[in-house]
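*Asks:* Attaching a single structure in structure tokens format; questions to follow.
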Amino acid sequence: MFFRLICVSLFLVLDFEYCFSQEDSLLNLFNNSNSDTVRVNLANELSVYYYRKNPEKNYEYANTAYRLSEKVGYSKGNITALANIGSYLISINKFDTAYFCLLKAKNKAIALGLKKEEAIAKNRLGVYHFYLGQTDSAIEYFSQASKIFELAKDPVESCKIENNLGAIFRRKGDINKALISFFKCLRFDEAQGSLSNIASDFNNIGVAYIDKKILLTLVSF
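Quick note, my numbering runs 1226 ahead of the 1-based positions in the sequence shown.
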């Protein structure tokens, strides 16, 4: 794959990676669990699974998670559900309502000191601003989310966001910052031994260097 991130539609795909074989397992666990908190978590996972596959079910399970988490006072699940609802609303261009949900998720996560949930909400806010063409705000939120995941020792999520940042910086012509993000991904993927991702990282880095050479050539004229 020439780039792990080229078009806008992939911004949310990188955040939502699920294997299709998980559907039956998730549904079976959700339908048979007697624990409300477990059902909230599973509903959120099902919402993520259906994000591209079935928008109606995507919203249905996010809303189920939100209502049940409100009922039982489960804050983590509630914040994740709000973030999932916000992502669904972005996908149907209801940006004002999406922003309300994502901002509520972010503020609640910060107030409760839930760093992972804060990072998730900020990452989705980055997507929101990117879709509206507000690149600087998108970069700010993506950067904050990546840093939180990095400090939380979750390099997988951080790497996904750094790929997004690298692609944005490259499109803006800020090649040096793009390279910083792409090299962060390369270091992580090398540590994991992920050959396909390493190949993608080298592609991204190589093309960024080509861009840099072209820009330097243009400046010299």
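Glycine is no exception: its CB is placed at the ideal position from the N, C-alpha and C atoms.
For clarity, every value in this text was computed on a predicted model and none was experimentally measured.
Hey, quick one: how far does the alpha helix (DSSP H) through LEU1308 stretch, first residue to last?
*Replies:* The count along the sequence shown starts at 1 and reaches residue 1308 at position 82. Per DSSP, LEU1308 belongs to the alpha helix (DSSP H) from 1301 to 1317.
*Asks:* For LEU1268, which residues from the same chain have a beta carbon less than 7 Å from its beta carbon, with the 5 sequence-adjacent residues on both sides left out?
*Replies:* In the sequence shown, counting from the first residue as 1, residue 1268 sits at position 42. These residues qualify, in order along the chain: LEU1252, LEU1255, PHE1256, SER1259.
*Asks:* Kindly indicate which three-state DSSP category LYS1320 falls into: helix, strand or coil?
*Replies:* As a first step, residue 1320 is located in the sequence shown; it is residue number 94 there, counting from the start. Here LYS1320 sits in coil by DSSP.
*Asks:* Could you spell out the range, first to last residue, of the alpha helix (DSSP H) harbouring LYS1297?
*Replies:* Your numbering for residue 1297 matches position 71 in the sequence shown. First-last of the alpha helix (DSSP H) with LYS1297: 1281 to 1298.
*Asks:* Following the continuous alpha helix (DSSP H) through ASN1260, name the residue where it begins and the one where it ends.
*Replies:* For this step, residue 1260 is matched to residue 34 along the sequence shown. Looking at the DSSP string, ASN1260 is not in any alpha helix (DSSP H), and its letter there is neither H nor E.
*Asks:* If I measure Cβ to Cβ from LEU1315 and keep anything under 6 Å in the same chain, skipping five residues before and after, which residues do I get?
*Replies:* Taking the sequence shown and counting its residues from 1, the one referred to as residue 1315 is at position 89. Cβ within range, chain order: THR1323, ALA1324.
*Asks:* Please report the Cβ distance between CYS1327 and ILE1311, rounded to the nearest whole angstrom; I am assuming they are in contact, meaning their Cβ atoms lie under 8 Å.
*Replies:* Residue numbering aside, residue 1327 sits at position 101 when the sequence shown is read from its first letter. Residue numbering aside, residue 1311 sits at position 85 when the sequence shown is read from its first letter. 5 Å between Cβ atoms; contact.
*Asks:* Between the C-alpha atoms of GLY1352 and LYS1279, what's the straight-line distance to the nearest angstrom?
*Replies:* Taking the first residue of the sequence shown as 1, we reach residue 1352 at position 126. Taking the first residue of the sequence shown as 1, we reach residue 1279 at position 53. Looking at the two C-alpha atoms, the distance is approximately 22 Å.
*Asks:* When DSSP labels each residue in this structure, what does ALA1337 get in the three-state scheme?
*Replies:* Within the sequence shown, residue 1337 is the residue found at index 111, counting from 1. Reduced to three states, the DSSP call for ALA1337 is helix.
*Asks:* DSSP on ALA1378, reduced to helix/strand/coil?
*Replies:* Stepping through the sequence shown from its first residue, residue 1378 is reached at position 152. ALA1378: coil per DSSP, three-state reduction.
*Asks:* Going by C-alpha distance, which of ILE1374, ARG1397, ASN1333, LEU1377 is nearest GLY1359?
*Replies:* Taking the sequence shown and counting its residues from 1, one reaches residue 1359 at position 133. Nearest to GLY1359 by alpha-carbon distance, out of ILE1374, ARG1397, ASN1333, LEU1377, is ARG1397.
*Asks:* Whose C-alpha, out of LYS1330, SER1420, LYS1403, is nearest the C-alpha of ILE1305?
*Replies:* For the purposes of this step, residue 1305 is taken as residue 79 along the sequence shown, with counting starting at 1. It is LYS1330.
*Asks:* Could you compute how far the alpha carbon of GLY1339 sits from the alpha carbon of ILE1374?
*Replies:* Position 113 of the sequence shown, counted from the start, is the residue given in the question as residue 1339. Position 148 of the sequence shown, counted from the start, is the residue given in the question as residue 1374. Looking at the two C-alpha atoms, the distance is approximately 12 Å.
*Asks:* What's the C-alpha gap between ALA1404 and ASN1423?
*Replies:* For the purposes of this step, residue 1404 is taken as the residue at position 178 of the sequence shown. For the purposes of this step, residue 1423 is taken as the residue at position 197 of the sequence shown. The C-alpha of ASN1423 is placed about 17 Å away from the C-alpha of ALA1404.
*Asks:* Considering only residues of the same chain and omitting the five flanking positions on each side of TYR1435, which have a CB-CB separation below 7 Å?
*Replies:* Taking the sequence shown and counting its residues from 1, one reaches residue 1435 at position 209. So no residue of the chain qualifies.
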